[in-house]
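Enquirer: Here you go, one structure.
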Amino acid sequence: MAMLEHGGRLRAAAQHYGIALDQWIDLSTGISPWPYPIPEIPTTAWHRLPEPDDELNAVAADYYGNTQLLATSGSQPAIQALPHLFESTRIAIVGPTYNEHIAAWEFSDHEILITSTLTAALESAAPIVLLCNPNNPTATHHQPEELLAAAHQLSQRQGWLIVDEAYGDPYPELSVTNLAGSSCAPNLITLRSLGKFFGLAGARVGFAFGATSLLNRLADKLGPWTISGPSRFVAQKALTDTVWQANQVAYIRDAGIRLKQLIARTVAPETSVKSTGLFSTLHTRHAEALFEHLAVHGILVRLFREASLIRIGIAADHEWKRLENVLQTWHNTIQQRAT
Ligand SMILES: Cc1ncc(COP(=O)(O)O)c(C=O)c1O
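Quick note: the sequence shown uses this note's numbering, first residue 101, plus one each step.
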């Protein structure tokens with residue numbers, strides 16, 4: 101399977117634009133600019149084999165509101181393994197979306213259909229439907245009632261609904277993770293990640309939620325010690341630190357609104373900008389030119405050329421002024437051209 105393109109490729113950008121690595125603002129990923137502060141890690145976490153019966157599952161169950169979980173090393177291994185848990189079938193993926201999902205299902209023995217809405221995915225009669233909520237990169241979101249109704253509809257054809265909530269933490273009211281695998285939604289599978297909201301993408305910690313029998317098969321596929329001892333230790337701290345979490349929600353929501361308003365003011369009308377809190381996405385026919393404008397000023401964002409989308413992550417406080425100035429310059433240039 102070929103390696104796919106992702107955000108965060110700062111070294112390549114530094115070389116291409118001839119701007120030193122430390123001069124860049126990297127807004128290309130949607131990872132929070134405020135990572136969870138790493139506590140001192142005990143030597144035993146490095147020295148001993150990770151123990152699956154430490155507190156990690158219990159604290160994760162508390163944070164996510166569901167005990168039917170499997171800890172994975174980020175969402176990625178679950179994304180790659182899930183297609184192998186189903187007999188050859190049809191899947192409808194609501195797109196455009198995170199390319200690893202599409203690649204994983206393409207790589208296995210299934211027929212894939214990309215639909216532009218959840219309604220179209222359900223109408224396709226495919227037994228499995230997959231979407232991200234909120235979606236990366238479009239930042240569209242679905243209400244929990246819609247997702248539960250979809251899971252119910254799919255259960256009538258012995259189907260499954262897979263919802264990737266990697267960006268779900270800033271708006272927990274949109275999450276259906278607490279119901280995945282319950283009697284209310286036995287065919288619902290959700291994926292969560294500590295990479296984005298907690299800013300711990302390098303720790304490689306995530307969780308899958310759903311029916312116990314399915315999680316057992318997923319666990320068999322992934323094998324033992326999927327998460328390193330130090331990552332387990334840090335994840336337990338992060339998942340129990342409710343004060344830090346509450347502050348993080350407030351910070352991200354504020355920064356998300358500020359970014360969306362800045363984009364609406366300088367680049368695109370309000371209607372074509374959507375926000376997940378962690379990133380804003382806009383649709384513009386100037387996507388490529390805007391990407392270049394930001395890049396030559398040392399700001400890396402993510403361009404989705406085919407869809408004419410630009411995704412911009414929230415900036416840390418010390419980066420904000422520069423982002424504001426560079427977008428204002430863009431606005432002035434466009435205005436001048438129009439007159
Ligand atoms: C929607 C979505 N799901 C999952 C992932 C993978 O995250 P993780 O670091 O948990 O493997 C990403 C990464 O960008 C993503 O955008």
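Ideal Cβ placement from N, Cα and C applies to all residues, glycine included.
What does the alpha-carbon distance come out to for the pair ILE357 and GLN428?
Expert: Cα to Cα, the separation comes out at about 17 Å.
Enquirer: So LYS321 and LEU378 are supposed to be a Cβ contact under 8 Å. How far apart are they, rounded?
Expert: No, LYS321 and LEU378 are not in contact; Cβ-Cβ is about 29 Å, not under 8 Å.
Enquirer: HIS242 and LEU218 look like a contact to me (Cβ under 8 Å); what is the Cβ gap, rounded to whole Å?
Expert: With a Cβ gap of about 6 Å, HIS242 and LEU218 count as contacting.
Enquirer: What residue from ILE119, ASP153, ILE125 has the CA that sits closest to ASP417's CA?
Expert: Per the Cα distances, ILE125.
Enquirer: Which partner residues does CYS284 have in the DSSP bridge list?
Expert: None; CYS284 has no bridge partner.
Enquirer: Report yes if the C-beta of SER175 is less than 6 Å from at least one heavy atom of ligand 1; otherwise report no.
Expert: At least one heavy atom of ligand 1 is nearer than 6 Å to the Cβ of SER175, so yes.
Enquirer: For SER375, which three-state DSSP category applies?
Expert: In this structure, SER375 counts as strand in the three-state DSSP scheme.
Enquirer: Report yes if the C-beta distance between LEU121 and ALA114 is below 7 Å; otherwise report no.
Expert: Yes, these two residues count as a Cβ contact at 7 Å.
Enquirer: Rounded C-beta distance between VAL305 and ALA266? I'm assuming under 8 Å.
Expert: Going by Cβ atoms, the distance from VAL305 to ALA266 rounds to 12 Å, so no, they are not a contact pair.
Enquirer: Would you please state the rounded distance, in angstroms, between the beta carbons of ILE193 and ILE202? I believe it to be under 8 Å.
Expert: Indeed they touch by this definition, with Cβ atoms about 6 Å apart.
Enquirer: Just checking GLY195 against ligand 2 - is the residue's beta carbon closer than 6 Å to any of the ligand's heavy atoms?
Expert: With respect to ligand 2, the structure shown offers nothing to examine, as its ligands consist of ligand 1.
Enquirer: Pull up the DSSP beta-bridge partners for GLU211, would you.
Expert: BP columns for GLU211 point to ARG190.
Enquirer: Look up SER293 in the DSSP assignment and give the residues it is bridged to.
Expert: Looking at the DSSP assignment, SER293 forms a beta bridge with GLY306.
Enquirer: Please state whether DSSP places GLY413 in a helix, a strand or coil.
Expert: GLY413 falls in the strand class under three-state DSSP.
Enquirer: Excluding sequence positions up to five away, which residues of its chain have a Cβ less than 7 Å from the Cβ of LEU127?
Expert: Cβ within range, chain order: ILE399, LEU400, VAL401, ILE412, GLY413, ALA415.
Enquirer: When every heavy atom of ligand 1 is checked, does at least one fall within less than 6 Å of the C-beta of ASN233?
Expert: ASN233 Cβ: outside cutoff for every heavy atom of ligand 1.
Enquirer: For the stretch 305–354, which segments carrying the beta strand (DSSP E) assignment without a break, of at least 3 residues, lie completely within its bounds, in sequence order?
Expert: Here the runs fully enclosed are 306–309.
Enquirer: Distance, Cα to Cα, ILE410 vs SER375?
Expert: ILE410 and SER375: Cα-Cα distance of roughly 12 Å.
Enquirer: Between which two residues does the alpha helix (DSSP H) harbouring THR144 extend?
Expert: Its alpha helix (DSSP H) spans residues 143–147.
Enquirer: For LEU231, list the residues DSSP reports as bridge partners.
Expert: Answer is VAL263, bridged to LEU231.
Enquirer: Between ASN166 and ligand 1, is the CB less than 6 Å from at least one heavy atom?
Expert: The answer is no for ASN166.
Enquirer: Strictly by DSSP, which residues pair up with PHE404?
Expert: Beta-bridge pairing links PHE404 to LEU409.
Enquirer: Quick check: is any heavy atom of ligand 1 less than 6 Å from the C-beta of GLY108?
Expert: Answer for GLY108: no, Cβ out of range of ligand 1.
Enquirer: Would ILE327 and ALA171 qualify as a contact pair, given that the criterion is a beta-carbon distance under 7 Å?
Expert: For ILE327 and ALA171, yes; Cβs fall inside 7 Å.
Enquirer: Less than 7 Å separating the beta-carbons of THR366 and HIS431?
Expert: In contact: THR366 and HIS431 (Cβ atoms closer than 7 Å).
Enquirer: Decide if LYS421 is buried, meaning its Cβ has at least 16 other Cβ atoms within 10 Å, or exposed.
Expert: Classification for LYS421: exposed.
Enquirer: Starting from THR172, follow the beta strand (DSSP E) in both directions and report where the run begins and ends.
Expert: It spans 169–172 - the beta strand (DSSP E) in which THR172 sits, taken as one unbroken run.
Enquirer: Please confirm whether PHE309 and ASN166 have their CB atoms less than 7 Å apart.
Expert: Cβ distance < 7 Å, so PHE309 and ASN166 count as in contact.
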